[in-house]
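Engineer: Attaching a single structure in structure tokens format; questions to follow.
2 protein chains.
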Amino acid sequence: MQSRRRFLATSVAAPAVLAAKGSYPWAEVEKMIARGDVKGKLTRQDLPTPALLLDLDAFEFNVNKMVGYVKGKGRAIRPHGKTHKCPEIAKRLIQAGAVGACAAKLSEAEVFAQHGVRGILVTTAVVGPYKIERAVRLAKLAPDTIFCVDNIKNATDMNEAAKAAKVKLNIAIDLFVSGRTGITPGEPAVRLAEAMQGLSSLKFTTIQSYAGNASHVMGFEARNKFSREVMARAVETRQMINKKGIECTHLTGGSTGTYNIDTEIDGITELQPGSFLFMDVDYNRIGGKDGAFYGDFKNSLTVYTTVVSKPTDELAIVDGGLKAFSTDKPFPPRHKTEEGITYAFGGDEHGKLTFAKSAKALNVGDKAEFVIPHCDPSVNLYDKIFCLRGDNVEAIWRVAARGMSQ
Amino acid sequence: MQSRRRFLATSVAAPAVLAAKGSYPWAEVEKMIARGDVKGKLTRQDLPTPALLLDLDAFEFNVNKMVGYVKGKGRAIRPHGKTHKCPEIAKRLIQAGAVGACAAKLSEAEVFAQHGVRGILVTTAVVGPYKIERAVRLAKLAPDTIFCVDNIKNATDMNEAAKAAKVKLNIAIDLFVSGRTGITPGEPAVRLAEAMQGLSSLKFTTIQSYAGNASHVMGFEARNKFSREVMARAVETRQMINKKGIECTHLTGGSTGTYNIDTEIDGITELQPGSFLFMDVDYNRIGGKDGAFYGDFKNSLTVYTTVVSKPTDELAIVDGGLKAFSTDKPFPPRHKTEEGITYAFGGDEHGKLTFAKSAKALNVGDKAEFVIPHCDPSVNLYDKIFCLRGDNVEAIWRVAARGMSQ
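Just so you know, the protein sequences line up as chains C and P, in that order.
Just so it is clear: in the first sequence, position 13 is 19 by our numbering, and no numbers are missing.
Just so it is clear: in the second sequence, position 208 is 214 by our numbering, and no numbers are missing.
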């Protein structure tokens with residue numbers, strides 16, 4: 007490829023030949039990437055590494071399977087945007103049948119709304135006067151946005167700001183079911199729902215019960231048991247609130263790990279999974295209904311790297327390290343196709359590849375593509391996703407909410 | 007603060023009172039942040055969390071101490087830009103006496119050069135025709151840029167591209183001294199230097215011997231021994247090359263962990279430390295000349311968070327998680343001032359704080375500020391650094407090379 011390209015660049019028959027794939031000068035490729043004008047022009051090999059790649063066939067399979075499954079069970083799906091941070095993906099999910107998009111934080115929701123996404127649920131409470139001012143502004147732009155609260159002080163603050171701005175805020179009560187945020191299910195949550203009845207600029211509609219700790223319980227049966235126990239408390243809380251004459255129409259929760267568990271539980275109206283879009287090494291390990299490998303969804307997301315050094319015959323160094331893969335899991339990236347190639351982190355900028363006897367050792371200039379350990383924080387390292395159909399780059403999607411953790 | 011601000015926002019005496027700190031509406035704060043027009047207007051409390059903060063007094067102490075020390079030992083310093091990815095910091099270091107800036111990757115170097123930084127050393131080899139085309143373009147913009155090579159094939163590719171573009175590329179031979187990139191020191195490196203004599207568009211001047219594995223050896227004496235052994239091979243290689251009549255004027259290496267070791271070794275001409283600017287929990291642990299805590303430089307960089315939930319009396323949840331702190335180290339962020347507050351990761355978006363009996367438990371809306379486990383990949387999560395003098399925000403610096411891992 008390299009010598010061919012060099013040959014082409016100096017060929018006298020350039021005009022016709024240069025239109026072939028892989029034969030553009032970089033200055034032209036750079037402009038194509040900046041414009042997103044890549045379809046039919048660039049292939050995987052043309053991309054600067056490390057690059058975040060999305061296999062569109064696998065991605066579309068995942069979208070159709072999850073949305074179809076959840077809707078088939080009579081539930082709504084509001085996939086979690088913290089996984090992708092990409093308005094283009096949120097909109098495609100809505101086109102496929104999702105009711106909206108979750109956003110982990112206010113600033114992520116703002117980006118989604120600015121790009122035309124509607125039906126947003128902000129899954130972390132909005133705290134402090136500046137952020138509450140922003141929440142009210144967001145509600146003006148996207149009135150169907152739902153905000154979580156878990157205490158009366160915050161609810162009162164939200165209500166005052168909404169009243170001053172003459173808007174009504176849709177509210178979900180966030181339940182403490184996974185060791186993170188929320189109010190204790192049962193009586194404490196019921197009291198909060200009752201107290202909010204006096205706050206006329208808040209419209210309480212929803213219970214949020216997101217059990218992040220359920221989603222990664224290893225083994226389907228153990229996960230089934232765990233999620234059913236956790237979700238039973240949320241279902242019961244919703245019933246208690248409804249019995250008080252307070253209408254609570256929605257109960258949202260559920261993840262990629264529990265989609266085929268939570269859709270069997272009466273009283274859960276809506277799921278908010280995210281990782282099914284991409285899958286990762288972590289999720290593959292939790293086990294599915296059929297066995298130890300959780301393969302309900304395909305690994306659509308990879309990081310594409312280049313070997314930049316070959317210090318010994320046994321060791322190849324690629325150009326993706328701690329800044330190319332998030333590292334909160336104890337296991338490293340997995341080579342997409344070659345079991346005999348093992349990746350180990352080699353600092354901020356590099357990865358170290360070693361080779362089993364069965365594997366062909368890679369050399370300087372060779373490419374290596376890896377399934378990521380944990381998709382959400384890895385996507386958050388990149389500004390764009392290169393979308394591929396086979397080897398051809400079909401589109402570039404901006405990770406417009408990257409870094410929006412506020 | 008919160009109630010005071012709300013009072014002010016509805017006060018009839020608004021015009022005069024609103025000019026006080028903390029009393030702007032968010033729409034105004036947002037514009038100030040976008041423009042960088044913050045000095046004398048915003049304080050720490052006004053910033054949206056999670057935010058990356060730089061204590062300018064500590065930062066300036068670190069810059070002056072390191073640059074002064076290395077220059078005092080008769081060596082040059084070219085601090086590593088992979089740590090900060092911020093052209094403003096690179097330029098301040100050059101103003102303070104640095105000869106330039108290292109860049110881990112070509113794309114990082116491009117951003118530095120576009121912002122006017124000169125004296126760049128790209129510490130990872132540039133591989134493949136597109137990237138080599140970019141390297142040549144960079145050399146046209148910033149002719150004093152130095153590129154690393156570690157094999158004759160890559161050197162030949164670089165030479166051909168340079169010749170075609172009628173530029174000369176400054177070259178460093180990268181030595182394999184830390185288990186990552188490079189060519190074996192001694193004869194293999196000498197042969198590469200000799201072979202490059204025939205490549206007329208390359209100007210070989212430098213040996214790079216960056217021992218990333220030396221920088222974090224625990225305990226000063228062990229680190230001293232380790233770095234001296236590694237660096238002896240680099241010094242010897244340089245001597246062997248010079249003895250062949252090939253002029254090798256520079257030997258660059260050294261890190262924050264070895265600055266006061268490598269500056270004692272004859273033959274090392276230049277250091278490339280980075281972490282001294284910010285320091286982190288990881289570096290604090292390696293031990294200094296004086297004891298178990300490595301305190302030669304100050305912790306200038308922190309992540310500022312807000313408590314967004316208080317599910318139980320013993321547990322407070324802050325809004326900074328895996329997307330606010332890099333997680334490649336086995337230990338969590340450390341509270342900046344309170345030993346009795348312990349942080350544990352609570353997923354992508356949150357951190358869990360627990361409290362010793364001696365510590366005051368935090369409540370919803372309270373702030374908590376943390377020293378980061380590992381500075382380089384954490385900075386790479388943020389688009390801007392808020393620079394503080396005491397509590398006042400003095401400037402906002404763009405992390406312009408964030409995500410530039412290509």
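Beta carbons: idealized from backbone N, C-alpha and C, even for Gly.
#1: Phe351/P and Asp334/C look like a contact to me (Cβ under 8 Å); what is the Cβ gap, rounded to whole Å?
#2: In or out: Lys316/C buried (at least 16 other Cβ within 10 Å) or exposed?
#3: Let me know the secondary structure DSSP gives Ser29/C once reduced to three states.
#4: Could you tell me which chain P residues have their CB closer than 8 Å to the CB of Asp2/C, listed as they occur along the chain?
#5: Hey, is Trp32/C's beta-carbon within less than 8 Å of any beta-carbon in chain P?
#6: Following the continuous beta strand (DSSP E) through Tyr265/P, name the residue where it begins and the one where it ends.
#7: Counting only the same chain and skipping the five closest in sequence on each side, list residues whose C-beta sits under 6 Å from that of Ala407/P.
#8: To which residues of the same chain is Trp403/C closer than 8 Å at the C-beta, ignoring the five residues directly before and after it?
#9: Identify the contact partners of Asn160/C in chain P, using a Cβ-Cβ distance below 7 Å as the criterion.
#10: Closest to Glu400/P by C-alpha separation, out of Glu36/P, Val35/P, Ala33/P, Lys47/P, would be which residue?
#11: Do you know offhand how far Pro336/C's Cα is from Gly259/C's?
#12: Within the same chain, show all residues whose beta-carbon is closer than 6 Å to that of Arg395/C, passing over the 5 residues directly before and after it, in chain order.
#13: Find the residues of chain C that neighbour Leu328/P, judging by a C-beta separation of less than 7 Å, and give them in chain order.
#14: Would you give the residue range spanned by the alpha helix (DSSP H) that Cys381/C belongs to?
#15: Taking 8 Å as the threshold (C-beta atoms), are Tyr388/C and Val405/C in contact?
#16: Here's a check: name, in chain order, each residue in its chain whose Cβ is nearer than 8 Å to the Cβ of Thr211/P, leaving out the five neighbours to either side.
#17: When the Cβ atoms of the segment 155-175 of chain C are set against those of the segment 193-211 of chain C, are three or more pairs found closer than 8 Å?
#18: Nearest to Pro56/P by alpha carbon, out of Val324/P, Gly346/P, Gly192/P, Asn398/P?
#19: Rounded to the nearest angstrom, what separates Lys77/P and Arg229/P at their Cα positions?
#20: Which chain C residues are close to Arg186/P, counting only those with a beta carbon under 8 Å from its beta carbon?
#21: At a Cβ threshold of 8 Å, is Lys172/C touching chain P?
#22: Roughly how far, in whole angstroms, is the beta-carbon of Thr312/P from the beta-carbon of Gly371/P, given that I think they are within contact range, below 8 Å?
#23: How about Gln214/P: is its C-beta nearer than 8 Å to some C-beta of chain C?
#24: Skipping 5 residues on each side, what residues in its chain have a beta carbon closer than 8 Å to that of His380/P?
#25: If we call anything under 8 Å between Cβ atoms a contact, is Ile5/C one with Ala201/C?
#26: According to DSSP, is Arg197/P helix, strand or coil?
#27: Along chain C, in chain order, which residues have C-beta atoms closer than 8 Å to that of Arg140/P?
#28: Give me the Cα-Cα distance between Gly80/C and Lys71/C, rounded to the nearest whole angstrom.
#29: What number of angstroms, rounded off, separates the C-alpha of Gly280/P from the C-alpha of Met38/P?
#30: Suppose contacts are defined by Cβ-Cβ distances below 8 Å. Is Ser215/P in contact with Thr264/P by that definition?
#31: Between Arg244/P and the rest of its own chain, which residues show a CB-CB distance below 8 Å, the 5 nearest in sequence each way excluded?
#32: Express the C-alpha separation of Gly134/C and Lys27/P in angstroms, rounding to a whole number.
Structural biologist: On the basis of the data shown:
#1: Stepping through the second sequence from its first residue, residue 351/P is reached at position 345. Stepping through the first sequence from its first residue, residue 334/C is reached at position 328. Phe351/P to Asp334/C, Cβ: 7 Å. Contact.
#2: Sequence index remark: in the first sequence, residue 316/C carries index 310 (1-based). Answer is buried; the Cβ neighbour count reaches 16.
#3: Locating residue 29/C in the first sequence gives position 23, where the first residue counts as 1. Of the three classes helix, strand and coil, the one that applies to Ser29/C here is coil, per DSSP.
#4: Residue 2/C lies beyond the range of chain C shown here (7 to 412); nothing can be said about it.
#5: As a working mapping, residue 32/C is identified with position 26 in the first sequence. So yes, Trp32/C belongs to the interface.
#6: The count along the second sequence starts at 1 and reaches residue 265/P at position 259. First-last for Tyr265/P: 265-268, but that is the alpha helix (DSSP H), not the beta strand (DSSP E).
#7: Locating residue 407/P in the second sequence gives position 401, counting from the first residue. Once the five neighbours on either side are set aside, the close Cβ partners of Ala407/P are Lys91, Glu114, Val117.
#8: For this step, residue 403/C is matched to residue 397 along the first sequence. So the qualifying residues of the chain are Leu60, Cys92, Glu94, Ile95, Lys390, Ile391, Cys393.
#9: Reading the first sequence from its first residue, position 154 is the one you call residue 160/C. Here the neighbours are Val370.
#10: What you label residue 400/P is simply residue 394 of the second sequence in a count that begins at 1. The option with the nearest alpha carbon to Glu400/P is Lys47/P.
#11: Within the first sequence, numbered from 1, the residue matching residue 336/C stands at position 330. Within the first sequence, numbered from 1, the residue matching residue 259/C stands at position 253. C-alpha separation (whole angstroms): 27 Å.
#12: Within the first sequence, residue 395/C is the residue found at index 389, counting from 1. Excluding residues within five positions, the ones whose Cβ falls inside 6 Å are Leu62.
#13: By one-based count along the second sequence, residue 328/P stands at place 322. By Cβ distance, chain C contributes Ser332, Asp334, Pro383.
#14: Your numbering for residue 381/C matches position 375 in the first sequence. Counting along the chain, the alpha helix (DSSP H) containing Cys381/C begins and ends at 381-385.
#15: Start at 1 with the first residue of the first sequence, and residue 405/C comes out as number 399. Start at 1 with the first residue of the first sequence, and residue 388/C comes out as number 382. The answer is yes: Cβ separation under 8 Å.
#16: If you number the second sequence from 1, residue 211/P lands on position 205. Ile152, Asn176, Ile177, Ala178, Glu253, Cys254, Thr255, His256, listed in sequence order.
#17: yes
#18: Residue mapping note: residue 56/P aligns to position 50 of the second sequence, counting from 1. Measuring from the Cα of Pro56/P, the nearest candidate turns out to be Val324/P.
#19: Numbered from its first residue, the second sequence carries residue 77/P at position 71. Numbered from its first residue, the second sequence carries residue 229/P at position 223. Rounded to the nearest angstrom, the two C-alpha atoms are 22 Å apart.
#20: The residue given as residue 186/P occupies position 180 in the second sequence. Those are Ser315, Pro317, Ile323, Gly352, Gly353, His356, Lys358, listed as they occur along chain C.
#21: The residue you call residue 172/C lines up with position 166 of the first sequence. It does not; no Cβ of chain P falls within 8 Å.
#22: Taking the second sequence and counting its residues from 1, one reaches residue 312/P at position 306. Taking the second sequence and counting its residues from 1, one reaches residue 371/P at position 365. Their Cβ separation, rounded to whole angstroms, is 7 Å, which keeps Thr312/P and Gly371/P in contact under 8 Å.
#23: On the second sequence, position 208 is the one that residue 214/P refers to. No, no contact with chain C.
#24: Numbered from its first residue, the second sequence carries residue 380/P at position 374. These residues qualify, in order along the chain: Asp286, Val287, Asp288, Ser332, Asp334, Lys335.
#25: Outside the shown range of chain C (7 to 412) lies residue 5/C, about which nothing can therefore be said.
#26: One-based indexing of the second sequence puts residue 197/P at position 191. Correct three-state label for Arg197/P: helix.
#27: Sequence index remark: in the second sequence, residue 140/P carries index 134 (1-based). Result: Trp32.
#28: Counted from its first residue, the first sequence places residue 80/C at position 74. Counted from its first residue, the first sequence places residue 71/C at position 65. Taking the straight line joining both Cα atoms gives about 14 Å.
#29: Here residue 280/P is taken as the residue at index 274 of the second sequence, counted from 1. Here residue 38/P is taken as the residue at index 32 of the second sequence, counted from 1. Whole-angstrom Cα-Cα distance: 30 Å.
#30: Here the question's residue 215/P lines up with position 209 in the second sequence. Here the question's residue 264/P lines up with position 258 in the second sequence. No, these two residues do not count as a Cβ contact at 8 Å.
#31: As a first step, residue 244/P is located in the second sequence; it is residue number 238 there, counting from the start. Cβ within range, chain order: Ile213, Cys254, Leu257, Gly273.
#32: Taking the second sequence and counting its residues from 1, the one referred to as residue 27/P is at position 21. Taking the first sequence and counting its residues from 1, the one referred to as residue 134/C is at position 128. Low local confidence applies: a pLDDT of 45 at Lys27/P is under 50, so the model's placement there is unreliable, with the coordinate-based value given in what follows. Going by the C-alpha atoms only, they are around 16 Å apart.
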